[in-house]
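Numbering (my numbering), first residue to last: -11 to 540. Think of the CB as a built atom: it goes at the ideal place given N, C-alpha and C, for glycine as much as any other residue.
As structure tokens, then:
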């Protein structure tokens, strides 16, 4: 049996001390957002211990076996199952257990468990109703009317009489003094009598999917009329490794836990002292339980392994290893700390240190700023903390919630910017829609035949700006760069500017929508809704008055 040593005090050599101080300074330099002192040269070494780290590593081979019914699949063969219940299966006899460490997975069909049954979707005939024609065998086809070519109207011409003045201008409907009669040919549209003005003709034709039979191949059984199902065993073989450690005694409970996490991720050069091969879960007979210094971690690591009928532990390898380490007590700023240098390359571990104290002080300043409702300062410090190695999941969640709060300041400025921009843009937008009003030809018909653009320029501008504000009100155009600032005034100002720019872009979109006639369409929809509401109210009032009259 190898020698297992307790930690004991020793003297640090000049070379070791120089290396320790250099590593401390390098750690300070590597820590992002650490603004404290480089304390490698200023620390005072109090005690040094030769404190080896021991590891008890248990490598276990698992064999997990679970039974399940397979998904029904199409089959043309009839099967009668001898095994119909998973409880009839002895999983231990289905496949051999592993004899060496392996990771694999497979599904094994249980012999004699295949069973065929009639397809429930088609009743065993292999076909189902066609979904395209609904089982009729015919579908309705549509084609353009050959008379009107899909327009719904027939184009013709007629002569129209009108009068002009002595200068040859005007468009008068009746004669008068000095007026001259003219005749012009105009285009007229008459409703197509063949299609009734719809532009389309409909007729019945054979369904292209079922070819007129009304039935198609059953999608469940693929036309066989039967489905097959069996019992399968999911066979999983996997290796599991558990570790426990003996760490230097000068470390606090939290520091020791952090060191164990670091050792799980690193390979510091372990030297194996003892190795034991254990069959099944016969851990109690292992001699490693009685080893000095490390016996308790051997018992801990083996006590966690459980073996069941479905998940069996086949065999294990228990290794007890040592990693050289030096534990150092030092003082800085009137406070004592512990550090460990371990492994072949003397990796430095410091959980609680002046660095962690600096960031803990940063946490305190965050809470103080939050108590004063100085959320900008809290956000500044919290962001530095989260970007460092000292940041926790709780810190990151706090930063997320704080940034949501900061965004509200920018959101207020953003909404104010939208409102201010809408007020400033309204007059020039009305002027543009009244005097220039660049629109598509189909929209221009409204103004040439019905009324001047001046008449509805203000309603169109109001409607466009209202729709723009409604779309942008939830902050869809708000940039995250407007609120990532410490100053609340700056966040509001940037939000205001963002809102003004967003509404300006929306004004350009309004001009495009006006060109396409979408503004007119929206006005018609609103008028139709108002008309429906007015009609409903009128009907309700009429009914109420009628009932009151009858009761009176």
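Exposure of residue 513 is indicated by the presence of fewer than 16 other C-beta atoms within 10 angstroms of its C-beta. By the CB criterion at 8 angstroms, residue 308 and residue 286 fall inside the cutoff. In the structure shown, residue 55 falls within a strand segment according to DSSP collapsed to helix, strand and coil. A residue is called buried once 16 or more other Cβ atoms fall within 10 Å of its Cβ, and residue 122, having fewer, is exposed. The Cβ atoms of residue 412 and residue 487 lie no closer than 8 angstroms to each other. Residue pairing by DSSP leaves residue 367 without any beta bridge partner.
For residue 39, the CB contacts under 6 angstroms within the same chain, skipping 5 residues up- and downstream, are -5, 236, 313 and 315 in chain order. Under DSSP, the beta-bridge partners assigned to residue 304 are 48 and 266.
Proximity to residue 274 across 260, 258, 176 and 291 peaks at 291, based on C-alpha coordinates. When the beta-carbon positions are compared, residue 24 and residue 343 come within less than 8 angstroms of each other. If you draw a straight line from the Cα of residue 326 to the Cα of residue 238, it is about 7 angstroms long. Beta-bridge analysis with DSSP links residue 337 to 328.
Cα atoms of residue 369 and residue 408: separation of roughly 34 angstroms, rounded to the nearest angstrom. Annotated as distal: residue 270 and residue 339, with beta-carbon spacing of 8 angstroms or more. The straight-line gap separating the alpha-carbon atoms of residue 267 and residue 206 is approximately 54 angstroms. Residue 390 and residue 367 do touch by the CB rule: their CB atoms are close to 5 angstroms apart, below 8 angstroms. Sequence-distant partners of residue 66 (beyond 5 residues in either direction) whose C-beta falls short of 8 angstroms from its own C-beta, in its chain, are 104 and 214.
Per DSSP, reduced to three states, the secondary structure at residue 279 is coil, with no helix or strand assignment. Residue pairing of residue 225 in beta bridges, as defined by DSSP: 51 and 92. Under the 8 angstroms Cβ criterion, the segment 220 to 231 counts as touching the segment 89 to 99, having at least three qualifying pairs. Under the DSSP definition of a beta bridge, residue 190 partners with 130. C-alpha of residue 471 to C-alpha of residue 405: approximately 15 angstroms in a straight line. Residue 230 sits in a strand when the DSSP states are folded into three classes. Rounded to the nearest angstrom, the gap between the Cα atoms of residue 480 and residue 442 is 38 angstroms. Counting along the chain, the unbroken beta strand (DSSP E) around residue 168 starts and ends at 168 to 179. For residue 445, the enclosing alpha helix (DSSP H) begins and ends at 441 to 460.
For a cut-off of 8 angstroms, the C-beta gap from residue 118 to residue 198 is around 4 angstroms, short enough to register as a contact.
Inter-segment contact for the segment 140 to 151 and the segment 172 to 187 is present: three or more beta-carbon pairs are separated by less than 8 angstroms. Contact between the segment 440 to 456 and the segment 490 to 503 is present: three or more C-beta pairs spanning the two stretches fall below 8 angstroms.
According to the DSSP assignment, residue 38 belongs to the beta strand (DSSP E) that extends over 32 to 38.
Two segments are said to touch when three or more pairs of C-beta atoms, one from each, lie closer than 8 angstroms; by this definition the segment 255 to 262 touches the segment 321 to 335.
Looking at the DSSP output, residue 145 bridges to 175. Spanning the alpha carbons of residue 63 and residue 289 requires a straight line of approximately 51 angstroms.
The criterion of a C-beta distance shorter than 8 angstroms is satisfied by residue 127 and residue 193. Only buried fits residue 219, as 16 or more other CB atoms lie within 10 angstroms of its CB. Taking 8 angstroms as the cut-off, the beta carbon of residue 320 is found no closer than this to the beta carbon of residue 250.
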